[in-house]
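Numbering (the working numbering), first residue to last: 192 to 306.
Pasting the structure below:
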């Protein structure tokens with residue numbers, strides 16, 4: 192089965208969209224970065240390096256220092272799909288990130304987003 196096209200998409204191409212979505216709702220780039228660091232274990236410098244290198248999503252998550260141990264607590268619907276039911280591990284990580292950014296844009300408090 193061929194991989195999903197988003198797996199080879201550069202994280203750097205989607206990152207500004209995450210930031211724009213948050214900023215449209217009065218949130219900040221710093222909050223987006225905090226969410227990404229929480230989920231993946233990247234430092235700020237490590238995150239910036241991945242963006243600068245235009246790393247694809249597959250590599251971005253493969254090189255993540257560690258996925259947060261509470262990431263399995265991320266539940267809900269993104270694009271009509273329940274994130275906890277996504278079978279492909281990489282797609283689930285992408286959907287987790289999407290869900291966290293959605294929660295940020297919907298005004299949820301950071302301490303609730305970062306379970």
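We treat Cβ as the ideally placed atom computed from N, Cα and C, and that holds for glycine.
Asked, Found
"Assigned secondary structure, residue 265 (DSSP; H/G/I helix, E/B strand, else coil)", "coil"
"Contact the stretch 233 to 240 vs the stretch 276 to 285: 3+ CB pairs below 8 Å", "no"
"Residue ranges of each alpha helix (DSSP H) within the stretch 198 to 241, 4 or longer", "202 to 215, 220 to 231"
"Alpha-carbon to alpha-carbon, residue 199 and residue 219", "27 Å"
"Check whether residue 250 and residue 203 have beta carbons under 9 Å apart", "no"
"Cβ neighbour criterion (16 or more within 10 Å) applied to residue 264", "exposed"
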